[in-house]
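Peer 1: Residue numbers (the UniProt record's numbering): 1 to 316.
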Amino acid sequence: MAAVPQAPHGRTARRVDWMLLPPMLRRAIEQRIGFPVIEARSAGAGFTPGFASLLVGAAGQRVFVKAANALAQAPFADAYREEVRKLAALPPGLPVPRLLWSMDAEWVVLAMEYVDGENPSRPWQPAQLEACLDTLEELADRLTPAPAAMRLEPMAAVDEFGAMLTGWAYAARQHPDWPHREEAAALAARHQEALSGTTLVHTDARDDNFRITPQGSAVLCDWNWPVLGPAWADSVMLLISVSGEGHDVEEILARRRLTRDVDPEHVDVLLALLCGYFLEARDRPVPNSSPFLRIHQSWYAEASWSWLAARRGWRS
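#1: Between VAL63 and ALA105, how many whole angstroms is the CB-CB distance? I'm expecting something under 8 Å.
#2: Between ALA184, GLY216, ASP207 and LEU152, which has its C-alpha nearest SER196's C-alpha?
#3: Anyone know if the C-beta pair for ALA218 and ASP134 falls short of 8 Å?
#4: From LEU228 to LEU71, what distance separates their C-alpha atoms?
#5: Straight-line CA distance for ALA43 to CYS132?
#6: Alpha carbon to alpha carbon, how far is ALA148 from PRO291? Give it in angstroms, no decimals.
#7: Could you say which of VAL37, ALA59 and ASP78 lies nearest to ALA68 if we only look at CA atoms?
#8: Taking C-alpha atoms, which residue in VAL4, GLU280, ALA310 and PRO23 lies nearest to ARG173?
#9: Under the DSSP definition of a beta bridge, which residues are partnered with PHE64?
#10: Quick check on the DSSP output: the beta strand (DSSP E) that includes residue 338 runs from which residue to which?
#11: So VAL4 and TRP299 are supposed to be a Cβ contact under 8 Å. How far apart are they, rounded?
#12: How many Å lie between GLU251 and ILE33 at the Cα?
#13: Terminal residues of the continuous alpha helix (DSSP H) containing ASP78?
#14: Tell me, to the nearest whole angstrom, how far the beta carbon of HIS247 is from that of TRP124; I am working on the premise that it is less than 8 Å.
#15: From ASP268 to ARG211, what distance separates their C-alpha atoms?
#16: If you drop the 5 nearest sequence neighbours on each side, which residues of the same chain put their C-beta closer than 6 Å to that of LEU139?
#17: Helix, strand or coil: which one does DSSP assign to MET19?
#18: How would you label LEU187, buried or exposed, when you count the other beta carbons within 10 angstroms and need 16 or more for buried?
#19: Which of helix, strand or coil does DSSP assign to ALA40?
#20: Thinking C-beta only, is ARG206 closer than 8 Å to SER241?
#21: Determine the DSSP secondary structure at LEU228, reduced to helix, strand or coil.
#22: Expressed to the nearest angstrom, what Euclidean distance is found between the alpha-carbon atoms of ALA231 and MET237?
#23: DSSP has SER102 in a bridge; who is on the other side?
#24: Looking only at its chain, what residues have a beta carbon closer than 8 Å to the beta carbon of ALA146, apart from the 5 residues adjacent to it on each side?
#25: State whether the stretch 96-104 contacts the stretch 173-183, with contact taken as three or more CB pairs (one from each stretch) at a distance under 8 Å.
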């Protein structure tokens with residue numbers, strides 16, 4: 001893989017601090033959680049500017065709370081509304097933070113049970129990676145078919161995946177000398193064939209959205225944008241970062257239950273689709289609210305391309 005900068009692990013977010021929230025909102029949150037907040041630890045990972053903090057009480061109470069202003073942070077408030085809806089529709093007993101309550105007025109607020117643990121280390125550690133893949137297998141088992149109450153769109157639908165379908169057309173205009181561009185575009189165009197399915201696909205199962213518990217298990221967070229798709233999709237998307245670090249992901253694909261029997265062409269279709277998306281996304285202006293987003297997308301463009309090229313036997 002080409003040497004490109006990687007976003008600083010666990011330090012990508014630029015978030016609102018607890019004391020910068022309006023006093024009335026802080027009081028309303030404290031009333032709902034049932035204790036005065038003596039400490040707030042902001043989540044350092046992620047790429048959104050919404051408030052996201054562990055709130056701690058004097059007796060050791062812990063609740064994780066997210067909040068976004070419905071007007072000033074409308075896209076993120078909408079994302080939090082979606083997360084509330086999706087968490088409420090998930091069946092109990094999953095390795096997922098439990099939704100405690102939500103508010104939707106001038107601010108959209110949701111409170112979840114705090115999951116003790118840390119994000120996986122990077123570079124990836126084998127035991128933590130296996131725990132995350134175990135969790136994706138459990139979720140695929142429990143969420144096939146996906147809960148009807150979620151009203152999910154198919155992963156392969158043009159309307160839902162539209163932003164990913166323009167990537168290679170963009171590359172044709174801006175990067176016409178990109179090697180094997182036309183072959184990659186032809187692969188991505190087969191998305192409806194390759195990505196159909198009835199499983200709930202999280203679509204954002206990155207390292208910063210997992211928590212590794214003290215017992216070594218993995219919990220998957222940030223349930224904003226799941227779709228319907230194949231049971232193996234989240235595992236392949238997680239492994240892009242693993243491949244980008246130089247690990248033997250083909251051995252993992254051949255060994256893990258969700259991926260070992262998947263048509264290799266279908267894996268390549270997903271990698272081509274994602275690579276085209278990241279190639280276009282990384283060239284957009286850097287948002288003030290997320291200074292490391294384009295660095296992250298540039299690294300993932302190279303990681304997905306390197307893995308795809310290796311699988312196809314392509315040379316630069």
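Note that the Cβ used here is the ideal one computed from N, Cα and C, for glycine as well.
Peer 2: According to the data block:
#1: One-based indexing of the sequence shown puts residue 63 at position 63. One-based indexing of the sequence shown puts residue 105 at position 105. About 19 Å separates the two Cβ atoms, so there is no contact after all.
#2: As a working note, residue 196 is residue 196 in the sequence shown. Minimum Cα distance to SER196 is reached at LEU152.
#3: Taking the first residue of the sequence shown as 1, we reach residue 218 at position 218. Taking the first residue of the sequence shown as 1, we reach residue 134 at position 134. Using a Cβ distance threshold of 8 Å, ALA218 and ASP134 count as a contacting pair.
#4: Sequence index remark: in the sequence shown, residue 228 carries index 228 (1-based). Sequence index remark: in the sequence shown, residue 71 carries index 71 (1-based). The straight-line gap from Cα to Cα measures roughly 30 Å.
#5: Here residue 43 is taken as the residue at index 43 of the sequence shown, counted from 1. Here residue 132 is taken as the residue at index 132 of the sequence shown, counted from 1. ALA43 and CYS132: Cα-Cα distance of roughly 20 Å.
#6: Counting from one through the sequence shown, the residue named residue 291 turns up at place 291. Counting from one through the sequence shown, the residue named residue 148 turns up at place 148. Each residue's Cα considered, the two are about 37 Å apart.
#7: Along the sequence shown, one-based indexing puts residue 68 at 68. Of the candidates VAL37, ALA59 and ASP78, the one whose C-alpha sits nearest the C-alpha of ALA68 is ASP78.
#8: To locate residue 173, count along the sequence shown from 1; it is residue 173. Of the listed residues, the one whose Cα sits closest to ARG173 is GLU280.
#9: As a working mapping, residue 64 is identified with position 64 in the sequence shown. In the DSSP output, where bridge partners are listed per residue, PHE64 has LEU54 and MET112.
#10: Absent from the model: residue 338. The displayed extent of the chain is 1 to 316, so no value can be given.
#11: Working through the sequence shown from its first residue, we reach residue 4 at position 4. Working through the sequence shown from its first residue, we reach residue 299 at position 299. Yes, they are in contact, since the Cβ atoms of VAL4 and TRP299 sit about 5 Å apart, within 8 Å.
#12: Counting from 1 along the sequence shown, the entry for residue 251 is found at position 251. Counting from 1 along the sequence shown, the entry for residue 33 is found at position 33. Taken atom to atom, the span from the alpha-carbon of GLU251 to that of ILE33 is near 46 Å.
#13: On the sequence shown, position 78 is the one that residue 78 refers to. ASP78 -> alpha helix (DSSP H) spans 74-89.
#14: Here residue 247 corresponds to residue number 247 of the sequence shown, with the count starting at 1. Here residue 124 corresponds to residue number 124 of the sequence shown, with the count starting at 1. Yes, HIS247 and TRP124 are in contact; Cβ-Cβ is about 7 Å, under 8 Å.
#15: Position 268 of the sequence shown, counting from 1, holds the residue named residue 268. Position 211 of the sequence shown, counting from 1, holds the residue named residue 211. Whole-angstrom Cα-Cα distance: 28 Å.
#16: For the purposes of this step, residue 139 is taken as residue 139 along the sequence shown, with counting starting at 1. Nothing meets the Cβ criterion.
#17: Within the sequence shown, residue 19 is the residue found at index 19, counting from 1. In the structure shown, the three-state DSSP call for MET19 is helix.
#18: By one-based count along the sequence shown, residue 187 stands at place 187. Flag for LEU187 reads buried.
#19: In the sequence shown, residue 40 corresponds to position 40, counting from 1. If DSSP states are grouped into helix, strand and coil, ALA40 belongs with the strands.
#20: Numbered from 1 along the sequence shown, position 241 holds the residue referred to as residue 241. Numbered from 1 along the sequence shown, position 206 holds the residue referred to as residue 206. Taking 8 Å as the Cβ cut-off, SER241 and ARG206 qualify as a contacting pair.
#21: Within the sequence shown, residue 228 is the residue found at index 228, counting from 1. In the three-state scheme derived from DSSP, where H, G and I count as helix and E and B as strand, LEU228 is classed as strand.
#22: Indexing the sequence shown from 1 puts residue 231 at position 231. Indexing the sequence shown from 1 puts residue 237 at position 237. Straight-line Cα distance between these residues: approximately 12 Å.
#23: In the sequence shown, counting from the first residue as 1, residue 102 sits at position 102. LEU110.
#24: For this step, residue 146 is matched to residue 146 along the sequence shown. If we look at ALA146 and ignore the five residues flanking it on each side, its Cβ neighbours are LEU152, THR198, THR199, LEU200, PRO226 and LEU228.
#25: Because the criterion of three Cβ pairs below 8 Å is not met, the stretch 96-104 and the stretch 173-183 do not touch.
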